[in-house]
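Below: one structure, written as structure tokens.
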Amino acid sequence: MSDQPGHAAAAAPSTGRISKKRPKELYPMVPWKYDLFLWVMGVLVDLFFREVHPRGTWKVPRTGPVLFVAAPHANQFVDALVLYRTLRNEAGRRVSLLIAQKSVHGFIGWGSRQVGSVPVGRPQDAAKPGSGTIYLPDPDNDPTLIRGIGTKFGEGEGEVGGMLFLPSTKGHTGASIDIAEIISPEEIRIKRAFKGKIPMRQLTGRDDGAGSGLSEEFQGTKYKLAPKVDQTKVYEAVFNRLGHGGCVGIFPEGGSHDRTELLPLKAGLAIMALGALAEDPDIGLKIVPVGMNYFHAHKFRSRAVIEFGAPLRHSTPSPTMSDQPGNAAAAPPTGRISKKRPKELYPMVPWKYDLFLWVMGVLVDLFFREVHPRGTWKVPRTGPVLFVAAPHANQFVDALVLYRTLRNEAGRRVSLLIAQKSVHGFIGWGSRQVGSVPVGRPQDAAKPGSGTIYLPDPDNDPTLIRGIGTKFGEGEGEVGGMLFLPSTKGHTGASIDIAEIISPEEIRIKRAFKGKIPMRQLTGRDDGTGGGLSEEFQGTKYKLAPKVDQTKVYEAVFNRLGHGGCVGIFPEGGSHDRTELLPLKAGLAIMALGALAEDPDIGLKIVPVGMNYFHAHKFRSRAVIEFGAPYEIPKRIVDMYRNNQRREAIGELLDTTHQILSAVTVSTPDYDTLMLIQAARRLYNPTGKKLPLPVVIELNRRLALGYERYKDDERIVHLSKAVKEYNRQLRYVNLRDHQVQYGKMSTPKVILTLIYRIGKLLTLLVGVLPGLILFAPVFIAAKVISIRKAKQALAGSTVKIQGRDVMATWKLMVAIFFAPTLYNFYSAVVTWRVYVDHLWGTVPAWVPWWTAYLVMWPLMVGISFAALRFGEVGMDIFKSLRPLVLCLNPASSYNIHHLRERRAQLSTQVTDVINTLGPDMFPDFDKTRLVADSQGSSRGTAATADGRPSTPPHQQQQQQPPYGQRRDSDASSNYDAQTPPSLGRRNTTMSSRGLPRNESFSNIGGVGIFSTRPPSRSRSRSRSSSSGGGFGSGGFPVSGFTTLDSQGGFEVASKKIREAMKLRRRKSGDVRKIEIGDDSSEEDEDNEYTEARKKT
């Protein structure tokens, strides 16, 4: 396999052409095709070679552009397979190798397309024998003049820029040279003189190369001519792949051979590297040498050593990673990023990872009605990332959803930390497929201690714990272990480290317990004062956990981050079903600071992930997975960590992480508050239309923040009581908030709607009933087992309230094992009946009995899927029948009409309070509201006839942008997590207006703040390829910019873009008027563009 553009250096561009928009490639690299092809061909490599030993793979950069230079090229296409596979498996990099154009046909051509090769036309491949012979007439005075006998230079043979090849001899490759000028059909001039004894002997007939002309013994030499090959497209393809952070591989000798020495390297290698760097010197290109060392390369079951050298950079040598050891503590102060990547307990194998996620993704799609990713464009595509996900409300399902979202939407594979106690059975097998990092947690090993404990002197010595009947140091408890207090309803039990064991009945803890509940537990008094025992207080129960050495966990995390990988963690420490975030564990900060302490330039980023569920434990529920902006830890905090200020550095990072997590999650103190917030959100939506999931999450978050700040305000207290009473009335009549609107329907309409829906329900029942009957055992078993497991988890946990966080996991696990078993049973029964009597004579006799088994399996799957889909729609219809029936009952109808009137009043009150307090909470409230203000600036307009607050027509026009007007996305606006830009109903698909509340909303990916990436739809995040926001595209009719290599050039470009944006607003009918003499609008536009330019 050759990867070398030939000598035609003139065809190579002087600088790399790294375009912002990645051009369409001849053989684009598709990751799953690449990995699947390598997996299949890897089997052949394993069969052919007895051993392929990689060496020095830790030196391969995990991110950024790399040019791999491999030699000797001793094994043709096998060299490429071995190099592809070694780099993918050992270094996690996909590489595009250059391949000879003549080889791109048949199976080799098909394979090269799967791995995204770059085809190269080589002159020697197109070389053909020339007419006559050639010789050197005057090698001493004019060594570049070539004369021929019977030649036809310029007459169909040879051209300027083409190449002249001399014959090869035994043990020597024929020399070649570029043609500079064609003088006549029998004379040409070459670019430079031939060198070496063999070429001179061939062209003069003498060993010393002296003399000239012909003789009886010498009549010239045969030769070959090759046309000029334009390599511009090859160089452009290489430049663009390197410019976008990819890897390119080349065998610089030009072709495979079986010599024992390296052949001269071709110039194309240098042109590629220097061309890319000439365009962007800061691209960070590295050249990595690769030694292809074989033992009898042509023999079956031979051996090979593939050795990678140190990366070569164009400026200063690449700094090597320090291998100094950290302190051998449970949490080392610095990362241990070793030069040689250590053998991991659960290494990540890409094809296993992807295959496992594909299979499990089917179950996720079945369990959830909708999983909406938001903000995935913020996830860095390269470099080390620490994903911090919360709340951990769905046990192992959380991990599946996060794995799948990151792989599908951001192209990243992540290693999640998993509790050591869970690494068994099916969960353990799954964790090995995705390269998880097992973690031993103290709470998993905690056991009840003997006797009881109390605080003898909480005022003067709050760290001294005394026991009654305890056995500290006698098989219970150890220094470095942990002490756990009991959990109470709605509160997690406190825990603390043991600093010293004084006696079997006395220990000293590292720091004093804080909070009313721990002090009440340890003193028996609400104020925590006093000490000792009394008749009423005889101490409290407790648990003890041994010391857990986490050194290996930290080392594994440090090495994965140090090699550019991704690590995920649920920092709350375990799954739970609470409505607020639990305190974050210190391990999160130690992992991040430890890696940065070893290599501050590693480029580590922390990305918060909000796992927002709607009834996480229920089948066919919904979820929004929201990614926040990447956070880089300031150098100041890293320096504090390295300078023995670990506690301060860890505390500060944990506080920051809690803040960035709060921006992507909805956190309330308790369940009642969450229900109050959700009710207020529904009442604040005067249109009554179904809002997109991201809007619901954002509204909940903002309302929760506002409630936490103003909960003692008299208006909020009064409104909270009214909303809670409204919720109580809804529960009394067993209705939901959106069903109250049925009260405005006339009696004939109610009757017709009821009849129509009953008919529709009976029709759907035909598709549901077979699956419901056949697979009822699966549904019943999943329900019973999940409830039992929830009770067990609740009994063994100190943080759970009802144990609902484990229910979804167990429902899926029961279905995974029980459903195939049931399928197999039904298929076996039907097959047996076909074998016995052809299924009571209904199957023709010519049908083989064993085909019944093959038919039944897909039939069972189809029946269960039909029952799932039809049942989902049917259940929504069934739930809508109750309010229709109640509307026909005079007594119940009065209640519904009363509730509808009460809802209209509450909607007005909620909207008025939010519009009053909102500007105080959010300074840009009016500018960035999520739901259009239905009451205008007066906040006191009357409600419409159907009970919804009305909006004056002129204000409606002002609030809602014209249909089709583009809203800027998060990436090109002043949006942040707490002040999202406004969204009117006109922004969404028009056809979605008529959707009932029980059906999915339309795709809102094109709406600015809800898009999962900036306006460009390219997964490579090209900033210029979409009409949705790329400068110079259809959306911005901007002419070519001036040269942007100076401040003046940027100012000119900025001015043009601002003018284009203003023109586009005018053409689209933007109703935002700029008042005369008011410069605020101009400043806003300038700020908006400046922010957009920073982000692009």
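Each residue of the sequence shown is one higher than the last, beginning at 1 in full-length UniProt numbering. We put the CB at the ideal spot given by N, CA and C, even for glycine. All values derive from a computational prediction rather than experimental measurement.
* Straight-line CA distance for L703 to I677? -> 6 Å
* Asked: Relative to the C-alpha of V120, which residue among D230, I801, H244 and G42 is closest?
  -> D230
* Asked: Under a three-way DSSP split, which group does L47 fall into?
  -> helix
* Asked: CB P252 to CB A71, shorter than 9 Å?
  -> yes
* To do: Would you mind reading off the limits of the beta strand (DSSP E) that contains P389?
  => One detail in the question is off: residue 389 reads as Ala in this sequence, not Pro. That run of the beta strand (DSSP E) goes V385 to A390.
* Asked: Hey, E708 and P669: beta-carbon distance below 9 Å or not?
  -> yes
* Distance CB(E500)-CB(R511) smaller than 9 Å -> no
* Inter-residue spacing [alpha-carbon to alpha-carbon] between V359 and L366 -> 12 Å
* Out of L225, S662, K152 and N240, which has the shortest C-alpha to C-alpha gap to V66? -> N240
* Min CB distance Y34 to chain D below 9 Å -> Note that chain D does not occur in the displayed structure, where there is just one protein chain.
* Nearest candidate by alpha-carbon position, reference E236, set V160, L98 and E186 -> L98
* **One or two residues paired with T540 in a DSSP bridge** => I453
* Whole-angstrom Cβ separation of L581 and L661, contact assumed at under 8 Å? -> 6 Å
* Y554 to L854, Cα distance in whole Å? -> 50 Å
* To do: May I ask which residues mark the beginning and end of the beta strand (DSSP E) holding M292?
  => K286 to F295
* Asked: Got a sec? Which residues, its chain only, sit under 6 Å from G628 by beta carbon, not counting five neighbours each side?
  -> P608, I660, A663 and V664
* Under the three-state reduction of DSSP, which class applies to L97: helix, strand or coil? -> strand
* Output the distance between the C-alpha atoms of T842 and V830, rounded to the nearest integer angstrom. => 12 Å
* Buried or exposed (CB count within 10 angstroms, at least 16 for buried), F295 -> exposed
* Where do the ends of the beta strand (DSSP E) carrying P694 lie? -> No beta strand (DSSP E) holds P694; the alpha helix (DSSP H) holding it covers L693 to Y710.
* To do: Compute the Euclidean distance between the alpha carbons of E217 and R206, then round it to the nearest angstrom.
  => 10 Å
* To do: Closer than 7 Å by C-beta to V557: which residues in its own chain qualify, once you throw out the five before and the five after it? Chain order, please.
  => V437, V567 and M591
* Are T133 and I149 close, meaning C-beta to C-beta below 9 Å? -> yes
* Asked: Counting Cβ pairs, one atom from each stretch, are 3 or more of them under 8 Å apart for the segment 625-640 and the segment 348-356?
  -> no
* To do: Closer than 8 Å by C-beta to A845: which residues in its own chain qualify, once you throw out the five before and the five after it? Chain order, please.
  => H838
* At a cut of 8 Å, does the segment 35-52 reach the segment 219-229 through at least three beta carbon pairs? -> no
* **Nearest neighbour of K447, chosen from G475, T463, V423 and G594 [CA to CA]** => G475
* Asked: Hey, is the segment 388-403 in contact with the segment 808-816, meaning 3+ C-beta pairs nearer than 8 Å?
  -> yes
* Asked: residue 1098 bridges to which residues according to DSSP?
  -> Residue numbering for the chain in the displayed model covers 1 to 1096; residue 1098 lies beyond these limits and cannot be assessed.
* Provide the residue span of the alpha helix (DSSP H) that contains residue 1097, from first to last. => A question about residue 1097 goes unanswered here, because the residues of the chain that appear run from 1 up to 1096.
* Asked: Nearest CA to the CA of A679: which residue from R525, I602, R728 and V349?
  -> R728
* Which whole-angstrom value is the C-beta distance of I190 and L164, which I expect to be below 8 Å? -> 6 Å
* Does any heavy atom of the ligand GDP sit closer than 8 Å to the C-beta of V666? -> What this structure holds is no ligand at all, so the ligand GDP is not there to describe.
* Asked: In this structure, does DSSP put T911 in helix, strand or coil?
  -> helix
* Asked: Mind checking F825: buried by the 16 CB within 10 Å criterion, or exposed?
  -> exposed
* Asked: Thinking C-beta only, is V778 closer than 9 Å to F870?
  -> no
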